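Structure first, commentary second.
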Amino acid sequence: MTDLAYGTKSGPVSNVAAAPAAVRMTSISKSFGGVRALDGVDFEVLPGEVHALLGGNGAGKSTILKVLNGVHKPDAGTVEVNGRVLTAHTPEESRAAGIAMNYQEMSLIPTLTVAQNVFLTREARTGQGLIDDKEAERLTAQIFDLLEVQVDPRARVGDLGAGQKQLTEIAKAIGKDAKVLVLDEPSTALAVSDVERLFIFLRKLKAKGVAIIYVSHRMDEIARIADRATILRDGRHVITAPLSELPIDKMIEHIVGKRSKGLADVVRSDMARGEVLLELKNVTGLHKPDNLSLAVHRGEVVGLAGLLGSGRSATARVISGVEPAIRGEILVKGQPVTLRKAGDAIAAGVALVPEDRARQGVIPAHSVASNLTLGILDRLQRGGLEDRAKVREVADAQIARLSIKTASRDHAVSTLSGGNQQKVVIGKWLALDPDVLVLDEPTAGIDIGSKSEIIRLVRDLAAQGKAIVFISSELSELLVACDRIVVMADGRAHFDRPRAAFDDPEVPEHDSGHRLQAAERKLQVAIQQALTAGQERSHV
Amino acid sequence: MSDASLAARKGRAPSPFFANWRQYIIYIGFVVIFLVFAATLNDKGFLNPNNLLNIVRQTAMIAVMAIAMTFVLSAGEIDLSVGAVAGLTTVTVAMAIAAAGPVAGVLAGLATGLAVGMFNGWLTTRIGIPSFLTTLAMMGIAKGVAMWISDTAAVPILSPGYSWIFGGGSIGPIPVLLLWTLILGVVGHVVLRRTGFGRRVLATGGGETAARYSGIDTRSVKFRVLVISSMAAALAGMLYAGRLQSGRFQLGEGDELSVIAAAVLGGTSLFGGMGTVIGTIVGALMIGLINNGLILMGLDFSQQLIARGGIIILAVALSQKKS
Numbered sequence: 001m002t003d004l005a006y007g008t009k010s011g012p013v014s015n016v017a018a019a020p021a022a023v024r025m026t027s028i029s030k031s032f033g034g035v036r037a038l039d040g041v042d043f044e045v046l047p048g049e050v051h052a053l054l055g056g057n058g059a060g061k062s063t064i065l066k067v068l069n070g071v072h073k074p075d076a077g078t079v080e081v082n083g084r085v086l087t088a089h090t091p092e093e094s095r096a097a098g099i100a101m102n103y104q105e106m107s108l109i110p111t112l113t114v115a116q117n118v119f120l121t122r123e124a125r126t127g128q129g130l131i132d133d134k135e136a137e138r139l140t141a142q143i144f145d146l147l148e149v150q151v152d153p154r155a156r157v158g159d160l161g162a163g164q165k166q167l168t169e170i171a172k173a174i175g176k177d178a179k180v181l182v183l184d185e186p187s188t189a190l191a192v193s194d195v196e197r198l199f200i201f202l203r204k205l206k207a208k209g210v211a212i213i214y215v216s217h218r219m220d221e222i223a224r225i226a227d228r229a230t231i232l233r234d235g236r237h238v239i240t241a242p243l244s245e246l247p248i249d250k251m252i253e254h255i256v257g258k259r260s261k262g263l264a265d266v267v268r269s270d271m272a273r274g275e276v277l278l279e280l281k282n283v284t285g286l287h288k289p290d291n292l293s294l295a296v297h298r299g300e301v302v303g304l305a306g307l308l309g310s311g312r313s314a315t316a317r318v319i320s321g322v323e324p325a326i327r328g329e330i331l332v333k334g335q336p337v338t339l340r341k342a343g344d345a346i347a348a349g350v351a352l353v354p355e356d357r358a359r360q361g362v363i364p365a366h367s368v369a370s371n372l373t374l375g376i377l378d379r380l381q382r383g384g385l386e387d388r389a390k391v392r393e394v395a396d397a398q399i400a401r402l403s404i405k406t407a408s409r410d411h412a413v414s415t416l417s418g419g420n421q422q423k424v425v426i427g428k429w430l431a432l433d434p435d436v437l438v439l440d441e442p443t444a445g446i447d448i449g450s451k452s453e454i455i456r457l458v459r460d461l462a463a464q465g466k467a468i469v470f471i472s473s474e475l476s477e478l479l480v481a482c483d484r485i486v487v488m489a490d491g492r493a494h495f496d497r498p499r500a501a502f503d504d505p506e507v508p509e510h511d512s513g514h515r516l517q518a519a520e521r522k523l524q525v526a527i528q529q530a531l532t533a534g535q536e537r538s539h540v
Numbered sequence: 001m002s003d004a005s006l007a008a009r010k011g012r013a014p015s016p017f018f019a020n021w022r023q024y025i026i027y028i029g030f031v032v033i034f035l036v037f038a039a040t041l042n043d044k045g046f047l048n049p050n051n052l053l054n055i056v057r058q059t060a061m062i063a064v065m066a067i068a069m070t071f072v073l074s075a076g077e078i079d080l081s082v083g084a085v086a087g088l089t090t091v092t093v094a095m096a097i098a099a100a101g102p103v104a105g106v107l108a109g110l111a112t113g114l115a116v117g118m119f120n121g122w123l124t125t126r127i128g129i130p131s132f133l134t135t136l137a138m139m140g141i142a143k144g145v146a147m148w149i150s151d152t153a154a155v156p157i158l159s160p161g162y163s164w165i166f167g168g169g170s171i172g173p174i175p176v177l178l179l180w181t182l183i184l185g186v187v188g189h190v191v192l193r194r195t196g197f198g199r200r201v202l203a204t205g206g207g208e209t210a211a212r213y214s215g216i217d218t219r220s221v222k223f224r225v226l227v228i229s230s231m232a233a234a235l236a237g238m239l240y241a242g243r244l245q246s247g248r249f250q251l252g253e254g255d256e257l258s259v260i261a262a263a264v265l266g267g268t269s270l271f272g273g274m275g276t277v278i279g280t281i282v283g284a285l286m287i288g289l290i291n292n293g294l295i296l297m298g299l300d301f302s303q304q305l306i307a308r309g310g311i312i313i314l315a316v317a318l319s320q321k322k323s
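The listed protein sequences derive, respectively, from chains A and B. Take the first sequence: its position 483, counting from 1, is numbered 483 in full-length UniProt numbering, and each next residue is one higher. Take the second sequence: its position 129, counting from 1, is numbered 129 in full-length UniProt numbering, and each next residue is one higher.
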């Protein structure tokens, strides 16, 4: 299957063509600040079907859903719901047209109760027109009974765990008697048994003629619940086909597609790996990781792969002292360390470049120089005052070392591009001269060119003798950046393999694009296998 | 979620009172302070019905403004202009009564509140200036206007009818000011707890993004709470004017701090999303109670300020949930 050109569509399914569509989106385009998120995408969902929407990170799934529910206005194209063309493109209009969507916890108010959230803006009323929370609690309990799950309608949402929040979010969406129900990753925080009950319920809704759009990274789930699937890649429509024509390996093929050359041709600097700098022995965190063992050597980049909730970021937080390890042992340079707070990890030589750049990584309004030296202020003082010459010197050195593109060291970080902001974050931690560097989604939200640069930087740092833990949701990046890849699911490490294990010997060495694509497929399969293995374990 | 962990969650379910005692600290504190004053100040006439009614009279204006402030804080905003708006209203009301009679006075008072509130709301929701700054600036503007139009002089009110309804009168032993507080308290409580508007206010303050995603027009909610707050401040000004039978720019000066303290003491969150009108009224009464007790103790003004600050800090500290 080499012909995966953009825009191929399966032939019309005969009995489908006659039925009026519940959702018909035609040639939808949408750009954000010059970046094309959707490019002439067609998307059609029929009443009474579960339609899976698939694609990798940045494929345009969430953008098209936000166009459908009125959060984004399309630049071009039309949206039709049950034959009615939407014109205003507001959340109110979409709701009125019968679209209900869960927002991955985005639409819950933590200070209100479960029932108050489920019935927000359409509260149950007493005869006098006053809000009747008791009635809302009764109706909410009914919805949870239908789903056969247990959530207390009177509990405050802020006090709930992730799974219960997700069930509340789902209850809020299905409580609306919608004609089109959109479920965006509804199962990430759910226990297997709850997913099962959700599926039973979705089948009942389907029988009533409700159209269901189901977004998930878990292909095994898609294979069980969906009737048809639409796959997007890089903002374009790739294929729409019945599930019977889309076995899991084919889905993966369409999702991965042909790799753009940029990443595949990153030149890797390598060095022979040295002694173990970071070692985890059966480490268990508050929720995750679960009994994780891991060793990272000097000069080595180890990637953590897995889906949302697999425990990658939790592992990073444990390694960097943000969250405690409850059991197990962490050794840095062979010495056991106790990490109670981030400062302990920094003292031991471990630095975390956190996931949320804007909130946790930089102070956007401050200058490049002041951000770069924030972590080592104590060392840059003379007589209790800031040693400005020293600050300038250190800042300039980092700007040169990381080739940060900025007009000057005195410019605010907010004026830099995303990729260069990320370099500032990395530079800030490098100033501490750590032995172990943990990077959590270092390329999130930056363009492809800068991504290659960040990855090259990561390789260079490893070649300079650092041990690096690299977390990314983009498989191609992991494959380009890492020497070893650990696949996680449910807080556990399921595979720990050298990068070369993902190479397909049949693809010729010089064809870097195809080689990367083949490796990505293999890694994708490994992640799905890990998921299944994780679920079987939690069944026991 | 396994049955075992579900049971564990149920086991931790809050028993109504003891698990949540911090939530009720204001009521406990109120009773404790009342009992302490009753025991120590009885010989100075603390429990005398006249003294107790005086506390109510002195607290009414704070309570009226604090009820509205509960809405503002619940929506995640703040209104620092209430004291100055009350002062401005005493002047506009007094001048309108002098010129055209009591009905004109009432209309002038309401118009003052409406105009200021809409201006505050417009600046905050349309121009995008944080309400902290909008209302801080408005505080100065309102006071300046009041000084300017009154020439910094007191304007007498010579309408007994007006003064009876707005502040001075009583029905049998019950002061009219108590009725105002009670009526507005009941209305405020029902609106916040049991109407769609109240729920939208709490949702907006509890999570603005989530509220917007849920289809709530959060800008309109914020606009309206700021208008309500200014209208309540104007009413408080009308009560000041009626009680003291004059309009003076100094009336209500500094009240914004007592008003915000009353709401926060009552359990309303400064960060939005949580508010209770009943708590606010008890908070306002508690501040009045403390003021009254400290005066009866014979403390001078400087000592009163220190003691009152200390008690408020203690009460709010006790009500904080440990994170």
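For glycine and all other residues, C-beta sits at the position ideal for the given N, C-alpha and C. These figures come from a predicted structure and were not determined experimentally.
Annotation: the continuous beta strand (DSSP E) that includes residue 78 (chain A) extends over 76 to 81. Per DSSP, reduced to three states, the secondary structure at residue 282 (chain A) is strand. In the structure shown, residue 43 (chain B) falls within a helical segment according to DSSP collapsed to helix, strand and coil. The Cβ neighbour count for residue 243 (chain B), taken over all protein chains shown within 10 Å, is at least 16; the residue is labelled buried. Per DSSP, the continuous alpha helix (DSSP H) segment holding residue 476 (chain A) begins and ends at 475 to 481. The three-state reading of DSSP puts residue 60 (chain A) in coil, since its state is none of H, G, I, E or B. Taken atom to atom, the span from the alpha-carbon of residue 514 (chain A) to that of residue 480 (chain A) is near 13 Å. A direct Cα-Cα distance of roughly 6 Å separates residue 225 (chain B) from residue 71 (chain B). Contact check for residue 166 (chain B) against residue 104 (chain B) fails: the beta carbons are separated by 9 Å or more. Relative to residue 434 (chain A), the option among A:468, A:390, A:54 whose CA is nearest is A:468. Taking C-beta separations shorter than 6 Å and ignoring five residues to either side along the sequence, the partners of residue 245 (chain B) in its chain run 157, 163, following chain order. Within the DSSP secondary-structure output, residue 113 (chain B) pairs in no beta bridge. Residue environment for residue 379 (chain A): exposed (fewer than 16 other C-beta atoms within 10 angstroms of its C-beta).
Look at the region 111 to 125 of chain A: the residues with a C-beta under 8 Å from a C-beta of chain B are 111, 112, 116, 120, 121, 123.
Shown in chain order are the members of the region 212 to 226 of chain B whose Cβ falls below 7 Å from a Cβ of chain A: 213, 214, 215, 216.
For the region 179 to 195 of chain B, the set of residues with a beta-carbon nearer than 8 Å to any beta-carbon of chain A comprises 190, 193, 194, 195, in chain order. At a cut-off of 9 Å between beta carbons, residue 131 (chain A) contacts chain B.
When C-beta atoms of the region 185 to 200 of chain B are compared with those of the region 126 to 137 of chain B, fewer than three pairs fall below 8 Å, so the two segments do not count as touching. The Cβ atoms of residue 114 (chain A) and residue 168 (chain A) lie closer than 9 Å to each other.
DSSP, read as helix, strand or coil, puts residue 435 (chain A) in coil. A direct Cα-Cα distance of roughly 12 Å separates residue 170 (chain A) from residue 214 (chain A).
Assigned with DSSP and collapsed to three states, residue 168 (chain A) falls in helix. By the neighbour-count definition (other C-beta atoms within 10 Å, threshold 16), residue 313 (chain A) is a buried residue. Note on geometry: alpha-carbon atoms of residue 137 (chain A) and residue 142 (chain B) lie some 46 Å from one another. The DSSP assignment places 255 to 265 as complete runs of the alpha helix (DSSP H) inside the region 252 to 294 of chain B, in order along the chain (cut-off: 4 residues). Shown here, residue 502 (chain A) sits in a helix according to DSSP, grouped into three states. DSSP, read as helix, strand or coil, puts residue 355 (chain A) in coil. Leaving aside the five residues that flank residue 214 (chain B) on each side, the residues in its chain whose CB is nearer than 8 Å to its CB run, in chain order, 203.
Interface annotation, residue 22 (chain B): not in contact with chain A, CB-CB separation never under 9 Å. Within 9 Å of the CB of residue 307 (chain A), no CB atom of chain B is found; the nearest one sits about 20 Å away.
The closest CA to that of residue 111 (chain B), considering only B:99, B:102, B:92, is found on B:92. In this structure, DSSP gives residue 242 (chain A) an extended state, which the three-state scheme calls strand. Residue contact check for residue 274 (chain B) against chain A: a CB pair falls below 9 Å. Distances from the alpha-carbon of residue 422 (chain A) to those of A:165, A:410, A:440 put A:440 closest. Listed in chain order, the non-local C-beta contacts of residue 154 (chain A) below 8 Å within the same chain comprise 113, 114, 115, 137, local neighbours out to five positions each way being set aside. A:110 is the residue among A:110, A:95, A:100 whose C-alpha sits nearest the C-alpha of residue 209 (chain B).
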